[in-house]
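One structure is given below, encoded as structure tokens.
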Ligand SMILES: Cc1cc2nc3c(=O)[nH]c(=O)nc-3n(C[C@H](O)[C@H](O)[C@H](O)COP(=O)(O)O)c2cc1C
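In our numbering, the protein residues as written are 884 to 1256.
Below is the structure:
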């Protein structure tokens, strides 16, 4: 997920489920020509198996980008042929390639011949209701050398609306000889199991369900492998994960971008926690690490009393506030000419901060931070 599955978020998931397969945010093949060292392709030394996802529509440019991805350590190169956002599809990228199967196949052939790692493709059911060509499209990509595909059970026209149609994903699975991953509307381990059994797919890809909920992945793995339905973590452990996420972003992207990006993640993590709304409102305005810690510690106290707050604070006692809030060496925001391929609010309304804060109703815990950071 662009704007979400950066190295920090992937690191959190990887710690909980070391063997799961992850992919980076999508990276523009074109922009790699100007900026081959893109931080969007930063991978941690131990984060395998990992795919770098590329988008673009020029076979040569995509091949060059794939070579860079392989050099950066990708275990596989994934090609995005599913992004529905006009900014992307207007340039013939993303889901627009579903209208040009010959070009899509050429891209796969070109990338395939440039790298030795497996090449996979992510696409949708088709362009719109009357052009659901995912089966022929998948067959063509398989013929061109794709090693696996992921199918999101919506058309480009649907974007993220309606319900994903898993039956057509099953159709793609039955038609292809390569592994097929089903995607769309998997929000729980039980959903994942239903997706696997109803489509016959080889795996499940999850996106929105992980927002503020990275433990969904290990819970799915555990359910599929052992049939055991693990409880999600308790509120305090959720808050500990939230703070690690925010502090990680601040460390990796710098204070300004890190806190900015953390705001929406904090909204996801705290949604559903009883009496969390006022804290969530404050979290939408954070400007420094200490403030995140303070607000989450207060929420831990609200939810689980002194024991909860103490447990929360123990988790951050080694954090060095003075030396970790460096300005960052750059950031991934805006790289590739876009911030996110989707309007997050329309895609997943929970990302929208509560708008219940009255003007002047919030007194920041750290006035100095608000003035100087
Ligand atoms: C914020 C956001 C960013 C996304 N970015 C990407 C992306 O970079 N590459 C991609 O293949 N899909 C991207 N998607 C689509 C998801 O991978 C997935 O196909 C879609 O959300 C349906 O799956 P879900 O129901 O599990 O969320 C994005 C979705 C969201 C909500």
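Where is the CB? At the ideal position from N, CA and C, for every residue including glycine.
- If you look at residue 1004, you'll find it in the beta strand (DSSP E) that goes 1002-1009.
- In the structure shown, residue 1038 adopts extended strand secondary structure according to DSSP, grouped into three states.
- Scanning 984, 1046 and 1061 for the CA closest to the CA of residue 1074 turns up 1046.
- DSSP places residue 1070 outside both helix and strand once states are collapsed to three, so it counts as coil.
- Among the bridge pairs identified by DSSP, residue 905 is matched with 933.
- Here the alpha carbons of residue 916 and residue 1163 stand approximately 40 Å from one another.
- Within the same chain, Cβ atoms closer than 8 Å to the Cβ of residue 980 are found at 940, 964, 986, 987, 990 and 1006, the five residues on either side in sequence being excluded.
- Under DSSP, residue 964 forms a beta bridge with 1006.
- If you ignore the 5 residues before and after residue 1048, its C-beta comes within less than 6 Å of the C-beta of 1036, all in its own chain and listed in chain order.
- The alpha helix (DSSP H) runs of length 4 or more contained entirely in the region 1088-1135 are, from start to end of the chain, 1099-1109.
- Runs of the alpha helix (DSSP H) lying entirely within the region 947-995 and spanning at least 4 residues, in chain order: 969-972.
- A residue is called buried when at least 16 other Cβ atoms come within 10 angstroms of its Cβ; residue 1025 meets this threshold and is buried.
- Under the three-state reduction of DSSP output, residue 911 falls in the strand class.
- Sequence-distant partners of residue 1081 (beyond 5 residues in either direction) whose C-beta falls short of 7 Å from its own C-beta, in its chain, are 1049 and 1053.
- Check the Cα spacing between residue 1068 and each of 1088, 1060, 1056 and 1057: the tightest is with 1088.
- Rounded to the nearest whole angstrom, the C-alpha separation of residue 1147 and residue 1201 is 25 Å.
- Excluding residues up to 5 positions away in sequence, 960, 994, 997 and 998 lie with their Cβ nearer than 6 Å to the Cβ of residue 949 in the same chain.
- Using a cutoff of 8 Å, the CB of residue 1043 counts as near ligand 1, since one of the ligand's heavy atoms is closer than that.
- If you check the C-beta of residue 1047 against ligand 1, you find a heavy atom less than 8 Å away.
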